[in-house]
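Undergrad:
There are 2 protein chains.
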Amino acid sequence: MNLRELSDLLGLSQTTVSRALNGYPEVKEATRKRVTEAANAHNYHPNTRAKSLATGRTMSIGHVIPLSSQHEMVNCVFSDFIAGAGESYARHGYDMRVSVVDDLKEADAYKTLATTGKVDGVIVHGPLVNDERIPLLVQLGLPFVVHGRSSDCTTPYSWLDVNNISAFKRATDFLLDLGHKRVALINGLETMDFAMRRREGYANALADRDIPLDAALTYSSEMTEPFGYAKTCEMLDAAEPPTAIITSSLIPALGVRRAVEERGLTIGKDVSIICFDDALSYLPNGAGSPIFTAARSSVRDAGRRCGEMLMDQIEGRTSGPVHELWEAELVVGQSTGPAPNR
Amino acid sequence: MNLRELSDLLGLSQTTVSRALNGYPEVKEATRKRVTEAANAHNYHPNTRAKSLATGRTMSIGHVIPLSSQHEMVNCVFSDFIAGAGESYARHGYDMRVSVVDDLKEADAYKTLATTGKVDGVIVHGPLVNDERIPLLVQLGLPFVVHGRSSDCTTPYSWLDVNNISAFKRATDFLLDLGHKRVALINGLETMDFAMRRREGYANALADRDIPLDAALTYSSEMTEPFGYAKTCEMLDAAEPPTAIITSSLIPALGVRRAVEERGLTIGKDVSIICFDDALSYLPNGAGSPIFTAARSSVRDAGRRCGEMLMDQIEGRTSGPVHELWEAELVVGQSTGPAPNR
DNA sequence: AATCATTTCCAAAGCGCTTTGAATTGCGAT
DNA sequence: ATCGCAATTCAAAGCGCTTTGGAAATGATT
């Protein structure tokens, strides 16, 4: 059943039927009722492809996820983010178009998305410190919102970010206040903007108390469990082990825990741990009271909000770039305690 | 730049240009060359929306993910699966359309997808024991492939599944061979087909040795870390604790580990653990040698293959339903050992 | 040089919807 | 009855592509 058939059936023009269905005012309420009823009765649904062509809109938002050996975009965090974004999309009749691309062809992917009109806008994931995707998208004229920020980028653009500097400053301060002297940082890849900022927050806290940075206590890589484990092993087996460790995600914190417990040490006593917790739905930081003391900010909420910001932009409800900086909350769990006295 | 502009520019008809660009034979090689060069020079890309309408194909595959409090589809496993599927799609010029829907409206989502022509086919995730989505999709005439199976479903359909019965039978046998008498199962939701089959494999192994099922040793729920932790605590603190535990995923196994170590017990000595390992890229079961002894099958590979099966079906390279049953491999890690003698 | 089969190209008809600009209808006011 | 204005409805023109059915050009064959 298509529009022509339906309108023939009703003895009305396609125009009227289309308007009736799309809620335009220039159609009598009685006819609108007749039309919607007939549409329901015959299970009429407008063809999306035709609608797209006619309106020039696809009602879909692009997410391009680069695939490489180097850097894993497709991770836990990503899936919770899109769950949130997807919720927002659904509420507004959009859905999400995900393209997986070789990371060397990422720029091309955005170009194609824009020039072929596959999507009405895109979300940019995992911005680097100086991310060339941003000027590219501006130039392409494709609406977009960045989840995170790109520090060295001068072009104005919309973003939503967690205040990573403040979160890691506070986390570090929290440990220093507990008397810890040697606080380690197991960070994400520092080409990523968020990781760079987290290190900055950590470094600021140390600098405030005139504690020198120790290269033997800071590491940066893909945030996996084995990475957390391996680096913790190294550090604990070295001459001057840290008494506290901060990780950029719950996942490496699991590895830290494994390494600590394997050595017969107690978490929260011998070694304190704080992690950044994205509040992933299927990897909760404990049920009820948190296992790890953590700087917490829901990535799912971020997804929801980014989606809304982008749709607002697409539909012209906002004009210029919009920024949102969220503070993480510092939740105290069982993984931190006063520094052990030697 | 659209097709008409390009053809005007070249002094050719739209027909010829279109054919030249799409590799049809009825165009001289010289003209084809001229056309492709002009297309590149002017950065011409055919409009996807128009193409869709004309061809009746969207070159996209739908994934509908139900959102509910009850059951979390959007999980780690899902994201690795779509990474794999996405890779296959990209290779064939497809991409993925993800709709997040309220789980009560899931059936509607499939209907809409089919009748509005938003996608060329869908992948069905997380089939239940008796999943009504399958007959619905057959009736709608929308091509689909199921990741997993639905036992009580009589309609024929294409699927790719891991041999869960065999995997859990072998895992249980492995533990029984090591002398374990009390083997616990921490399973996923048993309305899910895979979980039901895993329990069956577990039960078969016990039955083979005339060991009665003990309700105090089997649990079934959402596969989270806290769930693994909580149930392990219960069991270890009870009168007759198990000496081995099998979990349906790496995630609850982490909780099991936490509970075991918290009690000063040693994994692989006091308590053995086997888990099902989906070989998630960002949550690897150790680097190098596996931490947990595990039944392993890559969900990413499954995604890749499901994508290919579906595109084969859409493009008519296969006719009837296709089935693939993958055997998981049992990899021995550090989490299992002989049963402790009391 | 005429004939016929190929090759190569084109005009025009969709695909199913939205939207413009105009035509028709209804109805109170003249 | 008639006019004027608003409320309804409609015919037709796109949106940018593919594809059908033919026409024109080319080349091989007699």
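Chains as they are written, first to last, in my numbering: chain A, 1 to 342; chain B, 1 to 342. Each residue gets a CB set at the ideal place from its N, CA and C atoms; glycine is no exception.
Could you tell me which chain A residues have their CB closer than 8 Å to the CB of residue 87 of chain B, listed as they occur along the chain?
TA: In the second sequence, residue 87 of chain B corresponds to position 87, counting from 1. Those within 8 Å of residue 87 of chain B in chain A are 67, 100.
Undergrad: Kindly list the residues whose CB is nearer than 6 Å to the CB of residue 254 of chain A, restricted to its own chain and excluding five residues on each side of it in sequence; keep chain order.
TA: The sequence position of residue 254 of chain A within the first sequence is 254, counting from 1. These residues qualify, in order along the chain: 225.
Undergrad: For residue 81 of chain A, name the three-state secondary structure that DSSP assigns.
TA: In the first sequence, counting from the first residue as 1, residue 81 of chain A sits at position 81. Helix, per DSSP.
Undergrad: Rounded to whole angstroms, how far is the Cβ of residue 240 of chain A from the Cβ of residue 182 of chain A, which I believe are closer than 8 Å?
TA: Residue mapping note: residue 240 of chain A aligns to position 240 of the first sequence, counting from 1. Residue mapping note: residue 182 of chain A aligns to position 182 of the first sequence, counting from 1. Right, the Cβ-Cβ distance comes to about 6 Å (below 8 Å), so this counts as a contact.
Undergrad: Give me, in chain order, the residues of the same chain whose beta-carbon lies closer than 7 Å to that of residue 190 of chain B; leave out the 5 immediate sequence neighbours on both sides.
TA: Counting from 1 along the second sequence, the entry for residue 190 of chain B is found at position 190. If we look at residue 190 of chain B and ignore the five residues flanking it on each side, its Cβ neighbours are 196, 199, 220.
Undergrad: Measuring alpha carbon to alpha carbon, tell me which residue in B/19, B/265, B/96, B/216 is nearest residue 58 of chain B.
TA: Your numbering for residue 58 of chain B matches position 58 in the second sequence. Per the Cα distances, B/96.
Undergrad: From the DSSP output, which residues share a beta bridge with residue 66 of chain A?
TA: For the purposes of this step, residue 66 of chain A is taken as residue 66 along the first sequence, with counting starting at 1. Note: residue 66 of chain A sits in a beta bridge opposite A/101.
Undergrad: Hey, does residue 7 of chain A have any beta-carbon neighbour from chain B nearer than 9 Å?
TA: As a position in the first sequence, residue 7 of chain A is number 7, starting the count at 1. No, its Cβ sits nowhere closer than 9 Å to a Cβ of chain B.
Undergrad: Using 8 Å as the cut-off, can you tell me whether the stretch 164-177 of chain A makes contact with the stretch 328-335 of chain A, which would need three or more C-beta pairs spanning the two stretches below that distance?
TA: Touching, per the Cβ criterion.
Undergrad: Indicate whether at least one CB of chain B lies closer than 9 Å to the CB of residue 221 of chain A.
TA: Along the first sequence, one-based indexing puts residue 221 of chain A at 221. Cβ-Cβ to chain B under 9 Å: no for residue 221 of chain A.
Undergrad: Pick from A/19, A/127, A/44: whose alpha carbon is nearest that of residue 64 of chain A?
TA: Walking along the first sequence from the start, residue 64 of chain A turns up at place 64. Nearest C-alpha to residue 64 of chain A: A/127.
Undergrad: Does the stretch 32-44 of chain A come within contact of the stretch 15-23 of chain A, defined as at least 3 CB pairs closer than 8 Å?
TA: Yes: at least three Cβ pairs fall under 8 Å.
Undergrad: State the DSSP-derived secondary structure class of residue 166 of chain A, mapped to helix, strand or coil.
TA: Working through the first sequence from its first residue, we reach residue 166 of chain A at position 166. In the structure shown, residue 166 of chain A sits in a helix (DSSP, three-state: H, G or I).
Undergrad: Bridge partners for residue 61 of chain B per DSSP, in chain order?
TA: Taking the second sequence and counting its residues from 1, one reaches residue 61 of chain B at position 61. In the DSSP output, where bridge partners are listed per residue, residue 61 of chain B has B/96, B/121.
Undergrad: If distances are taken between C-alpha atoms only, which option among A/233, A/274, A/286, A/248 comes closest to residue 261 of chain A?
TA: Reading the first sequence from its first residue, position 261 is the one you call residue 261 of chain A. Among A/233, A/274, A/286, A/248, the Cα nearest to that of residue 261 of chain A belongs to A/233.
Undergrad: Cutting at 7 Å between CB atoms, please list the residues of its own chain near residue 296 of chain B, excluding the five before and the five after it.
TA: Locating residue 296 of chain B in the second sequence gives position 296, counting from the first residue. These residues qualify, in order along the chain: 277, 279, 328, 329, 331.
Undergrad: Kindly give me the distance between the Cβ atoms of residue 52 of chain B and residue 49 of chain A, rounded to whole angstroms, as I take these residues to be in contact under 8 Å.
TA: In the second sequence, counting from the first residue as 1, residue 52 of chain B sits at position 52. In the first sequence, counting from the first residue as 1, residue 49 of chain A sits at position 49. Yes, they are in contact, since the Cβ atoms of residue 52 of chain B and residue 49 of chain A sit about 4 Å apart, within 8 Å.
Undergrad: So, with DSSP's three-state summary, where would you put residue 324 of chain A?
TA: Here residue 324 of chain A refers to the residue found at position 324 of the first sequence. Reduced to three states, the DSSP call for residue 324 of chain A is strand.
Undergrad: In this structure, does DSSP put residue 200 of chain A in helix, strand or coil?
TA: As a first step, residue 200 of chain A is located in the first sequence; it is residue number 200 there, counting from the start. Of the three classes helix, strand and coil, the one that applies to residue 200 of chain A here is helix, per DSSP.
Undergrad: Drop a sphere of 10 angstroms on the beta-carbon of residue 304 of chain B, count the other beta-carbons inside from all chains shown, and report buried for 16 or more, exposed for fewer.
TA: Numbered from 1 along the second sequence, position 304 holds the residue referred to as residue 304 of chain B. That one is buried.
Undergrad: Would you call the CB atoms of residue 118 of chain B and residue 140 of chain B closer than 9 Å?
TA: Your numbering for residue 118 of chain B matches position 118 in the second sequence. Your numbering for residue 140 of chain B matches position 140 in the second sequence. In this structure, residue 140 of chain B does not lie closer than 9 Å to residue 118 of chain B by Cβ.
Undergrad: Tell me which residues share the same chain as residue 377 of chain A and place their Cβ nearer than 7 Å to its Cβ, disregarding the 5 neighbours each side in the sequence.
TA: Outside the shown range of chain A (1 to 342) lies residue 377 of chain A, about which nothing can therefore be said.
Undergrad: Chain B beta carbons: is any one of them nearer than 9 Å to that of residue 33 of chain A?
TA: By 1-based counting over the first sequence, the position of residue 33 of chain A is 33. By this cut-off, residue 33 of chain A is not an interface position.
Undergrad: Indicate the three-state DSSP secondary structure (helix, strand or coil) for residue 145 of chain B in the structure shown.
TA: Mapped onto the second sequence, residue 145 of chain B falls at position 145. Strand at residue 145 of chain B.
Undergrad: Near residue 136 of chain A, which residues of its chain fall below 8 Å by C-beta distance, leaving aside the five closest residues on each side in sequence?
TA: In the first sequence, counting from the first residue as 1, residue 136 of chain A sits at position 136. Excluding positions up to five away in sequence, the list reads 107, 110, 111.
Undergrad: Using only alpha-carbon positions, find the residue among A/62, A/44, A/75 that is nearest to residue 116 of chain B.
TA: As a working mapping, residue 116 of chain B is identified with position 116 in the second sequence. Taking only the C-alpha atoms, the option nearest residue 116 of chain B is A/44.
Undergrad: Locate the beta strand (DSSP E) running through residue 298 of chain B, then write down its first and last residues.
TA: On the second sequence, residue 298 of chain B is found 298 positions in, with the first residue counted as 1. Looking at the DSSP string, residue 298 of chain B is not in any beta strand (DSSP E), and its letter there is neither H nor E.
Undergrad: Starting from residue 219 of chain B, follow the alpha helix (DSSP H) in both directions and report where the run begins and ends.
TA: For the purposes of this step, residue 219 of chain B is taken as residue 219 along the second sequence, with counting starting at 1. Counting along the chain, residue 219 of chain B falls outside any alpha helix (DSSP H), though it belongs to the beta strand (DSSP E) covering 218-220.
Undergrad: My guess is that residue 336 of chain A and residue 268 of chain A are in contact by the Cβ rule of under 8 Å, so how many angstroms apart are they, rounded?
TA: Along the first sequence, read from residue 1 onward, the residue named residue 336 of chain A stands at position 336. Along the first sequence, read from residue 1 onward, the residue named residue 268 of chain A stands at position 268. About 6 Å; that satisfies the 8 Å criterion.
Undergrad: Give me the chain A residues within the contact set of residue 283 of chain B, using Cβ-Cβ distance strictly less than 8 Å, ordered along the chain.
TA: Position 283 of the second sequence holds residue 283 of chain B. What residue 283 of chain B touches in chain A: 76, 224, 225, 251.
Undergrad: Classify residue 311 of chain B as helix, strand or coil using the three-state DSSP reduction.
TA: Against the second sequence, residue 311 of chain B aligns to sequence position 311. Helix.
Undergrad: Give the interface partners of residue 261 of chain A over in chain B, defined as CB-CB distance under 8 Å, in chain order.
TA: The residue given as residue 261 of chain A occupies position 261 in the first sequence. Neighbours of residue 261 of chain A on chain B, chain order: 261.
Undergrad: In the DSSP assignment, find the alpha helix (DSSP H) that holds residue 40 of chain A and state where it starts and stops.
TA: Numbered from its first residue, the first sequence carries residue 40 of chain A at position 40. Per DSSP, residue 40 of chain A belongs to the alpha helix (DSSP H) from 29-41.
Undergrad: By the 10 Å Cβ neighbour count, where 16 or more other Cβ atoms means buried, how is residue 258 of chain A classified, buried or exposed?
TA: Here residue 258 of chain A refers to the residue found at position 258 of the first sequence. Residue 258 of chain A comes out buried.
Undergrad: Which residues in the same chain have their Cβ closer than 7 Å to the Cβ of residue 206 of chain B, if we skip the five residues on either side of it in sequence?
TA: Taking the first residue of the second sequence as 1, we reach residue 206 of chain B at position 206. Only 172, 213 meet the Cβ criterion.
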